[in-house]
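To start, the structure under review is shown below, and the notes come after it.
In this note's numbering, the protein residues as written are 23 to 460.
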């Protein structure tokens with residue numbers, strides 16, 4: 023089966039490599055000529071464990087190709103996936119200009135039956151706009167070509183995206199015709215053979231499912247952060263509370279970890295977009311608005327703890343070490359990361375900042391330049407620091423040598439934003455230790 027995927031960002035490149043791995047002939051399309059040139063040269067523009075090997079393998083096998091022109095390859099395709107970006111507008115709504123540009127190109131060049139699938143996260147009703155855009159272009163050309171639109175939202179987690187794609191919890195597909203359903207069933211047959219669930223539904227429901235899923239996960243995080251903040255005030259331990267709550271089979275244990283806020287490309291954007299969709303339809307999503315407020319406050323919780331500990335006026339001139347910059351482990355993605363908020367609060371207070379992240383250092387430098395000091399490893403970051411903040415729970419941060427850390431820091435202050443350390447161990451080692459909800 024021949025398919026094209028437009029957009030070689032996180033979703034598009036991972037999807038293209040994984041579809042190629044199942045035997046499809048995949049052409050990845052992107053208007054960024056430099057990016058396509060790098061991909062043809064074997065250079066992967068994003069960090070995702072295992073992606074380099076998967077791309078290299080399928081390029082060599084002839085199942086994965088790259089081009090800058092959708093029009094040049096359109097006639098060879100049975101399915102075209104649109105995986106272009108949908109950045110948030112200032113009002114929180116998803117910007118669909120790139121999605122509709124893809125639809126326009128398809129309409130301008132389509133000459134045989136095809137299924138056009140939106141894989142980007144888009145608001146309910148986008149498929150109608152895509153269909154209308156393609157049909158309008160066909161009408162202007164004076165040609166009659168059958169086509170179908172569909173919605174196939176992605177549920178990939180950065181850091182485990184290949185596993186998520188190849189062994190999915192579920193695949194959600196929104197279709198409006200039996201012909202499109204049959205073609206997409208053929209594409210996903212390798213997953214059906216392994217008994218993974220492919221859930222077919224109407225298109226608006228598929229579009230809504232992605233937003234609802236991410237908003238639910240964001241809600242669980244903010245809810246537990248709210249509980250954690252209350253635990254500190256009443257003397258409870260949020261880890262014990264989580265164990266008690268998570269053991270309820272109606273609730274489960276996942277996404278009940280307290281911390282210093284969520285970030286990334288999905289949760290913040292999707293929560294905003296769903297709130298805006300509701301507002302546009304005369305309904306107020308009060309729970310999600312609270313989720314947003316709690317998360318915004320939580321990103322400053324470590325700064326507030328440090329300020330309360332030392333006094334606001336005492337922060338000027340001190341050195342703070344940050345372990346972790348990415349919004350989560352196993353990615354270099356800093357979009358909406360807690361680190362960006364913490365860095366700005368510390369800089370505004372006159373602090374000096376030393377940072378280390380296993381993979382996000384270049385991304386941080388691209389975003390904020392030389393406002394902070396970039397170090398070689400976690401011990402180099404802690405050297406001479408008055409306080410240490412753990413922001414991202416990378417595995418290499420889990421078992422530091424606290425004797426070394428204590429000797430190289432000016433003051434033994436540790437603020438654990440992900441609750442990965444043992445308070446008793448830190449206190450016994452002579453540290454002032456603060457975490458979330460304990």
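The beta carbon of each residue, even a glycine, is placed where N, CA and C say it ideally should be.
Distance CB(residue i)-CB(residue j) smaller than 8 Å
{"i": "residue 349", "j": "residue 406", "result": "no"}
{"i": "residue 277", "j": "residue 239", "result": "yes"}
{"i": "residue 143", "j": "residue 194", "result": "no"}
{"i": "residue 410", "j": "residue 435", "result": "yes"}
{"i": "residue 180", "j": "residue 355", "result": "yes"}
{"i": "residue 205", "j": "residue 47", "result": "no"}
{"i": "residue 337", "j": "residue 437", "result": "no"}
{"i": "residue 321", "j": "residue 271", "result": "no"}
{"i": "residue 158", "j": "residue 129", "result": "yes"}
{"i": "residue 107", "j": "residue 31", "result": "yes"}
{"i": "residue 294", "j": "residue 110", "result": "yes"}
{"i": "residue 393", "j": "residue 412", "result": "no"}
{"i": "residue 39", "j": "residue 73", "result": "yes"}
{"i": "residue 282", "j": "residue 439", "result": "yes"}
{"i": "residue 67", "j": "residue 79", "result": "no"}
{"i": "residue 341", "j": "residue 367", "result": "no"}
{"i": "residue 284", "j": "residue 317", "result": "yes"}
{"i": "residue 290", "j": "residue 44", "result": "no"}
{"i": "residue 313", "j": "residue 395", "result": "no"}
Residue i versus residue j: straight-line alpha-carbon distance, rounded
{"i": "residue 223", "j": "residue 397", "result": "50 Å"}
{"i": "residue 358", "j": "residue 319", "result": "13 Å"}
{"i": "residue 403", "j": "residue 418", "result": "14 Å"}
{"i": "residue 225", "j": "residue 186", "result": "22 Å"}
{"i": "residue 464", "j": "residue 449", "result": "Residue 464 lies beyond the stretch modelled for the chain, which goes from 23 to 460, so this question has no answer here."}
{"i": "residue 52", "j": "residue 414", "result": "31 Å"}
{"i": "residue 166", "j": "residue 307", "result": "42 Å"}
{"i": "residue 202", "j": "residue 28", "result": "19 Å"}
{"i": "residue 422", "j": "residue 126", "result": "54 Å"}
{"i": "residue 227", "j": "residue 198", "result": "11 Å"}
{"i": "residue 135", "j": "residue 183", "result": "31 Å"}
{"i": "residue 97", "j": "residue 132", "result": "7 Å"}
{"i": "residue 169", "j": "residue 153", "result": "9 Å"}
{"i": "residue 172", "j": "residue 200", "result": "11 Å"}
{"i": "residue 55", "j": "residue 373", "result": "41 Å"}
{"i": "residue 255", "j": "residue 103", "result": "50 Å"}
{"i": "residue 85", "j": "residue 221", "result": "27 Å"}
{"i": "residue 65", "j": "residue 387", "result": "20 Å"}
{"i": "residue 24", "j": "residue 77", "result": "17 Å"}
{"i": "residue 384", "j": "residue 69", "result": "11 Å"}
{"i": "residue 327", "j": "residue 245", "result": "20 Å"}
{"i": "residue 162", "j": "residue 124", "result": "17 Å"}
{"i": "residue 91", "j": "residue 160", "result": "19 Å"}
{"i": "residue 35", "j": "residue 63", "result": "15 Å"}
Reduced DSSP secondary structure (H/G/I, E/B, other) of residue i
{"i": "residue 218", "result": "coil"}
{"i": "residue 192", "result": "strand"}
{"i": "residue 323", "result": "helix"}
{"i": "residue 209", "result": "helix"}
{"i": "residue 401", "result": "helix"}
{"i": "residue 47", "result": "strand"}
{"i": "residue 139", "result": "strand"}
{"i": "residue 110", "result": "strand"}
{"i": "residue 442", "result": "coil"}
{"i": "residue 236", "result": "helix"}
{"i": "residue 359", "result": "coil"}
{"i": "residue 258", "result": "coil"}
{"i": "residue 102", "result": "strand"}
Own chain, CB closer than 8 Å to residue i, minus 5 neighbours either side, in chain order
{"i": "residue 249", "result": "260, 263, 280 and 459"}
{"i": "residue 452", "result": "428 and 434"}
{"i": "residue 33", "result": "105, 141, 142, 176 and 178"}
{"i": "residue 71", "result": "181, 182, 184 and 352"}
{"i": "residue 442", "result": "412, 415, 419 and 420"}
{"i": "residue 114", "result": "294, 295, 297 and 298"}
7 Å Cβ shell around residue i - same chain, five flanking residues per side excluded
{"i": "residue 49", "result": "26, 87, 89 and 95"}
{"i": "residue 148", "result": "118, 121, 140 and 229"}
{"i": "residue 296", "result": "233, 237, 307 and 310"}
{"i": "residue 329", "result": "337"}
{"i": "residue 335", "result": "none"}
{"i": "residue 210", "result": "193 and 220"}
Neighbour flag for residue i against chain D, beta carbons, 8 Å
{"i": "residue 248", "result": "Looking at the structure shown, chain D is missing, and only one protein chain is on hand."}
Same chain, Cβ closer than 6 Å to residue i, five either side skipped, listed in chain order
{"i": "residue 81", "result": "none"}
{"i": "residue 275", "result": "268"}
{"i": "residue 431", "result": "404 and 407"}
{"i": "residue 219", "result": "192"}
{"i": "residue 253", "result": "260 and 459"}
{"i": "residue 456", "result": "327 and 437"}
Discussion item. Three Cβ pairs or more, each shorter than 8 Å: is that satisfied between the stretch 371–382 and the stretch 334–353?
Written reply: yes
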